[in-house]
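Each residue of the sequence shown is one higher than the one before, starting from 1 at the first, in the UniProt record's numbering. Written below as structure tokens is the structure these notes are about.
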Amino acid sequence: MYVIRMKNCAFFARHGVLDEEEALGQRFYVDAELTVEPSRPLEDDSIEDTVNYGIAFTVIEKIVTGHRRFLIEALALEVAKALTARFPQIRKAEITVRKPNAPVPGVLDYVEVTVVWPE
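Right, dumping it as structure tokens:
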């Protein structure tokens, strides 16, 4: 087993509960920590037997920039499920979504949610 980490994948999207969040949109950041069990030994050095980072990024991008979700929790779960479905060698996907411009009555860097799949 080994872990692949993809950090700060950035996308412009329109998620959130408020109408203004959909109208204006904002940047979202995604981290993916993927625990992988290769189907063949790592010494074989075969891309077919591991998680292709480019394809994984595209899977994340399609979901994050796709239809609006009210909750970043739901967004993170959908990403985790999609990655584990696309790459059966992923045994666990830990997905973090950061929302820098969350509509809160104060100053903060971002709101962040992490989902682990399967639980």
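Beta carbons: idealized from backbone N, C-alpha and C, even for Gly. Since the model is a prediction, treat every value here as computed from it, not as a measurement.
Got a sec? Which residues, its chain only, sit under 7 Å from S39 by beta carbon, not counting five neighbours each side?
-> D49 and Q89
Ignoring anything shorter than 4 residues or poking outside the UniProt domain "Dihydroneopterin aldolase/epimerase" (4-117), list the alpha helix (DSSP H) runs there in chain order.
-> 19-24, 53-64 and 72-86
Would the beta-carbon of L71 fall within 8 Å of that of V115?
-> no
State the CB to CB distance for the pair F64 and A13, rounded to an integer number of angstroms; the pair is presumed to be in contact (CB under 8 Å).
-> Reading off the sequence shown, one finds Val at residue 64, where the question assumed Phe. 5 Å between Cβ atoms; contact.
Taking 8 Å as the cut-off, decide whether the C-beta atoms of T96 and V113 are in contact.
-> yes
Between P41 and R5, what straight-line distance do the alpha-carbon atoms span, to the nearest angstrom?
-> 20 Å
Inspect the beta-carbon positions of P100 and D109 and report whether they are closer than 8 Å.
-> yes
Pick from R27, L18, K81 and M1 that is closest to A56, judged by C-alpha positions = K81
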